[in-house]
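Novice: Take a look at the following structure, please.
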Amino acid sequence: MKNSVLAIAFIFICFSIFAQSNISLKFNLQKGKVNQLKSISKQNIQNTYNGTPYNSVVNTSSVVSFTLISQDNDQMKIEFLFDTIQSKTSSSMANKETNSAKPAKSKEYLERMLNKFSAEKIIAKISTSGKFIGFENYKAFRDKIMQVMDSVPDNKRDQIQKQADMLLKESSLRTMIEPLFAYLPENPVKQGDKWETTVSQSGGGMSAMMFNTFTLEGVENDQIQLSEKSELESIPSTEPNPMMSSDIKGTSTANMTIDKKTGLILKSSVKGHSEGIITIKNQGNEIKMPMVVDSQSEIIKVK
């Protein structure tokens, strides 16, 4: 009887040690295999101008396919294709909808750029721990899309050029890729452990930093559960005399399920809130617009 009790106690001790053992989380992608993630987001935005609030709702979705083309030690070279980028904005001021999968008319220059954007592949270097290293073919990628500028008339060239520059900035492209990988820890972790990552955000002429804290909540059936708390803070523009600047702060929370074998996101859901001031300069005038944004988004692995 005594021996049986000792044996049972030993088994429970072993289970306890196993449950608390460290695991190493790294990306382990199969070369040549196409992976695909779909992102969906909804933003409720309230701007205030001259004391009057203006509300708008922005729904966006994108589908990105990516393939490991080579790996050298802990550095991966991954080829990305943004199959579809959709955006629909509804407000009291105007409604606008774009879809990169739909052919644009000859004079819809930005939409034509989106068509080319979704047809060209860009290659990024990313470490097996999810650190973004840089692009391999950024200039060639950008040059192919900017060929649309050849057909833009002189009276619209400056305007389209500025909009195209915001769309194709290297930092904006990084924003579309980096968050899909920047969630793994550098070192082995066990349940309850926390780690931090920092991700840059850029778009629409504004830049920000996301400071993320992840927690390993559990491991079950080769699926890893993570929770995330993030803080967002806008950063000053590096451009001389920018037409638009922002002073915005925010927070968000997320739950993620990732594949233990590959390290890839299986599903993720995020809720966020941010607010601050947008400053717009136009012909010597300066307009300050308070802004509040409530958002929710999801990422789902579809392939």
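Quick note on the working numbering: the sequence shown kicks off at 49 and runs consecutively. For every residue, glycine included, the Cβ atom is placed at its ideal position computed from N, Cα and C.
Could you tell me which residues DSSP puts in a beta bridge with residue 102?
Specialist: 95
Novice: Please tell me whether residue 339 and residue 328 are closer than 8 Å, where the distance is taken between their beta carbons.
Specialist: no
Novice: So which of 168, 251, 175 has the shortest CA-CA distance to residue 186?
Specialist: 168
Novice: Is there contact between the region 301 to 311 and the region 272 to 280, where contact requires at least three CB pairs shorter than 8 Å?
Specialist: yes
Novice: Among the residues of its own chain, which have a CB less than 6 Å from the CB of residue 183, if the five just before and after it don't count?
Specialist: 172
Novice: On the DSSP bridge assignment, give the partners of residue 138 in chain order.
Specialist: 105, 143
Novice: Taking the continuous alpha helix (DSSP H) assigned at residue 212, which residues delimit it?
Specialist: 202 to 216
Novice: Between which two residues does the alpha helix (DSSP H) holding residue 161 run?
Specialist: It spans 157 to 165 - the alpha helix (DSSP H) in which residue 161 sits, taken as one unbroken run.
Novice: Residue 141 and residue 193: beta carbons closer than 8 Å?
Specialist: No; because the gap between Cβ atoms is not below 8 Å, this pair is not in contact.
Novice: In three-state terms, what does DSSP make of residue 230?
Specialist: coil
Novice: Suppose you measure from the CA of residue 155 to the CA of residue 88; what does that come to, to the nearest Å?
Specialist: 28 Å
Novice: Please state whether DSSP places residue 350 in a helix, a strand or coil.
Specialist: coil
Novice: Residues bridged to residue 85 by DSSP?
Specialist: 112, 349
Novice: Out of 138, 196, 241, 134, point me to the one whose CA is closest to residue 105's CA.
Specialist: 138
Novice: Assign residue 209 to buried or exposed, taking buried as 16 or more other Cβ atoms, counted over all protein chains shown, within 10 Å of its Cβ.
Specialist: exposed
Novice: According to the Cβ coordinates, are residue 295 and residue 324 closer than 8 Å?
Specialist: Yes, the Cβ-Cβ distance between residue 295 and residue 324 is below 8 Å.
Novice: Residue 217 to residue 136, Cα distance in whole Å?
Specialist: Between residue 217 and residue 136, the C-alpha separation is close to 22 Å.
Novice: Assuming contact is defined by CB atoms lying nearer than 8 Å, are residue 74 and residue 232 in contact in what I supplied?
Specialist: yes
Novice: Among 235, 123, 270, which one has its Cα closest to the Cα of residue 310?
Specialist: Ranking 235, 123, 270 by Cα distance to residue 310 puts 270 first.
Novice: When DSSP builds the beta bridges, which residues end up paired with residue 119?
Specialist: Per DSSP, the beta bridge partners of residue 119 are 124.
Novice: Give me whichever residues DSSP pairs with residue 276 in a beta bridge.
Specialist: Bridge partners of residue 276 according to DSSP: 262, 302.
Novice: By DSSP's criteria, residue 18 is part of a beta bridge. Which residues make up the other side?
Specialist: Absent from the model: residue 18. The displayed extent of the chain is 49 to 351, so no value can be given.
Novice: Within the continuous alpha helix (DSSP H) that includes residue 189, where are the two ends?
Specialist: Element bounds for residue 189: 186 to 193.
Novice: Would you report the Cα separation of residue 191 and residue 170, rounded to the nearest angstrom?
Specialist: In a straight line, the C-alpha of residue 191 is about 12 Å away from that of residue 170.
Novice: Per DSSP, what kind of secondary structure is residue 221 in: helix, strand or coil?
Specialist: helix
Novice: List the whole-angstrom C-beta distance separating residue 251 from residue 300, where the pair is believed to meet the contact cut-off of C-beta under 8 Å.
Specialist: In fact, because the Cβ distance is near 16 Å, the residues do not count as touching under 8 Å.
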